[in-house]
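Residue numbers (UniProt numbering): 1 to 291. Here a beta-carbon is modelled for each residue, glycine too, at the ideal position from N, C-alpha and C. First up is the structure itself, then whatever we jot down about it.
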Amino acid sequence: MSTRQNQAGPPHGGPATPPSSSGDTRGPRSTLALVVLSLIGLAVFAGLLALGTWQVERRAWKLDLIHKVDTRVYAAPVDAPRQPAWAAVNNDDDVYRRVTVHGKFLHQYETFVQATTVLGPGFWVMTPLRRDDGSLLLVNRGFVPPEARDPGQRGAVSPVGPVTLTGLLRITEPAGGFLRKNVPEASRWYSRDVAAIMAMHSLDGPVAPYFIDALPEPGSTAEARARGPVWPAAGLTVIQFNNHHLVYAITWYVLALMVAGAAWRIASEERRLRRQATLRPNGKRTPFGPG
């Protein structure tokens, strides 16, 4: 009668084979792999740090802009810069400054620039104004919906004769809109490019390098508004700005710390594997001795 060998133990009473740990089966990475991982990690870490620092700088810029706007918008109006001072007009010192101007609108040369406002999509009505010294100034009289491009559909008569208005000084926008360039020959305007708009009309006289966003005149069209909407709607200049740059900066810096933590973990694991490898001849586990 044959006997069945007990398969639970080793034959002939030999030593038992120790169980292997799945976490110890991988050897250390090659030098090339470590170099590649290090370069990738450094690039990602540096990129995240740069993004965080950029957001910190953007926050400082935004706070400065908010301070300038708050200071200038609510200050007493000053006379809009005349020709001798045009060369000194710049974005840092003059944008959103509250100014007054006197002159006569040239309504026959008004231009429509596409706009999206709190009132919906439509157009800015950009109208040249000739000042008493013969110079020209482009004025954004306000927003109109598409159906109010026709002056007869605006609910009020455009001002005729000399006018005095108050508004916010804005710098020309020659770059066009976002991913869209102005097409003067087709009268498609996506930004308020003062020089290009004035050149299209071939008007005589020096042109100011800025434009003015007109502010509404309190009570000037009260009766007309009682009968229905009055266009253009002035006073829609955006003067409140979101400032989330600190949150963005913290996010990028936290991601950079996470990358650094992952790199430290990988480095620690590699050191452990290399120490373990020194105990194995030819990279293999040293066999257990006899029990």
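Less than 8 Å between the C-beta atoms of residue i and residue j, yes or no?
i	j	result
residue 170	residue 95	yes
residue 128	residue 198	yes
residue 73	residue 168	yes
residue 346	residue 52	Because residue 346 is not part of the residues shown, which for the chain are 1 to 291, the question remains open.
residue 249	residue 55	yes
residue 120	residue 231	no
residue 143	residue 236	yes
residue 184	residue 200	yes
Distance, Cα to Cα, residue i vs residue j?
i	j	result
residue 61	residue 68	11 Å
residue 211	residue 34	58 Å
residue 141	residue 254	47 Å
residue 37	residue 180	41 Å
residue 32	residue 42	15 Å
residue 251	residue 240	24 Å
residue 46	residue 245	19 Å
residue 247	residue 57	13 Å
residue 301	residue 75	Limits of the chain in this structure are 1 at one end and 291 at the other, which puts residue 301 out of reach.
Beta-carbon within less than 8 Å of residue i's beta-carbon, same chain only, minus the 5 sequence neighbours each way: which residues are those?
i	result
residue 28	270, 273, 274 and 277
residue 205	130, 134, 135 and 136
residue 48	252, 253, 255, 256 and 259
I need the DSSP call for residue i, collapsed to helix, strand or coil.
i	result
residue 261	helix
residue 138	strand
residue 106	coil
residue 275	helix
residue 212	strand
residue 231	coil
residue 165	strand
residue 177	strand
residue 36	helix
residue 254	helix
residue 171	strand
residue 247	helix
To which residues of the same chain is residue i closer than 7 Å at the C-beta, ignoring the five residues directly before and after it?
i	result
residue 149	112 and 123
residue 151	158
residue 77	98, 99, 100 and 166
residue 86	208 and 209
For residue i, which residues from the same chain have a beta carbon less than 6 Å from its beta carbon, with the 5 sequence-adjacent residues on both sides left out?
i	result
residue 80	99 and 101
Residue i: beta carbon under 7 Å from a heavy atom of the ligand GDP?
i	result
residue 198	In the structure shown, the ligand GDP is absent, as is every other ligand, since no ligand is present at all.
Runs of alpha helix (DSSP H) lying entirely within the region 45-132, each at least 4 residues, in chain order: Contiguous alpha helix (DSSP H) elements confined to the region 45-132 occur at 91-94, taking only those with 4 or more residues.
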